[in-house]
């Protein structure tokens with residue numbers, strides 16, 4: 096109230112018609128009218144309400160709350176402030192709990208994604224290990240199969256060894272061709288075998304050698 100009175104005196108002195116010759120007194124009268132309104136609590140309240148309603152952003156509920164607050168006794172204002180403080184604390188606590196809930200939910204989702212990624216990685220590793228195991232089993236089976244096949248082939252050649260020797264003796268004298276009866280490559284089974292194992296597969300080559308020998 097003192098501020099309003101002080102400001103009124105400053106403006107009244109500045110714009111008084113006696114100190115401003117030739118100037119109309121309308122502005123001075125407006126200053127007086129404003130002071131009369133603002134210096135009285137009831138008229139000032141009505142003026143505030145009118146200005147609030149004229150505002151496009153006017154909030155009627157907020158205006159009613161402010162109006163009630165202006166007519167409160169000091170005791171009622173203290174109780175109102177205490178209640179408002181409790182409500183503010185409750186609101187802050189709820190907001191904090193909601194924030195913590197969102198953070199926990201985000202953390203749980205991250206943990207679930209990490210677990211799913213870890214499981215997928217373990218499944219891929221397990222599948223890779225299974226493929227390696229199956230490939231190794233296949234390789235071992237192939238080795239065993241080749242060994243068994245070679246063994247059967249050797250047994251067959253041994254059983255026919257005398258017959259092979261007789262055939263070779265009739266075709267060519269091998270005494271001068273020791274270098275040609277060492278080891279030969281068995282193309283059928285992809286194996287290196289000893290001389291007596293390769294004689295059946297080497298007859299064609301030996302016959303060729305015999306023909307070359309006869310030409311000399």
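In my numbering, the protein residues as written are 96 to 311. A virtual CB, placed ideally from N, CA and C, is assigned to each residue, including glycine. All figures in this text were calculated on a predicted structure; none of them were measured in a lab.
I'd like to check one pair, residue j with residue i: are the Cβ atoms closer than 8 Å?
{"i": "residue 107", "j": "residue 123", "result": "yes"}
{"i": "residue 99", "j": "residue 131", "result": "no"}
Grouping DSSP H, G and I as helix and E and B as strand, with all else coil, what is residue i?
{"i": "residue 120", "result": "coil"}
{"i": "residue 134", "result": "coil"}
{"i": "residue 110", "result": "helix"}
{"i": "residue 128", "result": "helix"}
{"i": "residue 236", "result": "helix"}
{"i": "residue 298", "result": "At residue 298, the pLDDT of 49 sits below 50, so the modelled position is not reliable; the number obtained from the coordinates is stated separately. Residue 298 falls in the helix class under three-state DSSP."}
Let me check understanding here. Comparing Cα to Cα, which of the options lies closest to residue i?
{"i": "residue 314", "options": "125, 215 and 120", "result": "Outside the shown range of the chain (96 to 311) lies residue 314, about which nothing can therefore be said."}
Can you tell me whether residue i sits near the ligand SAM, meaning its C-beta is under 7 Å from at least one heavy atom of the ligand?
{"i": "residue 245", "result": "With respect to the ligand SAM, the structure offers nothing, as it holds no ligand at all."}
Ignoring anything shorter than 4 residues or poking outside the stretch 179 to 221, list the alpha helix (DSSP H) runs there in chain order. none
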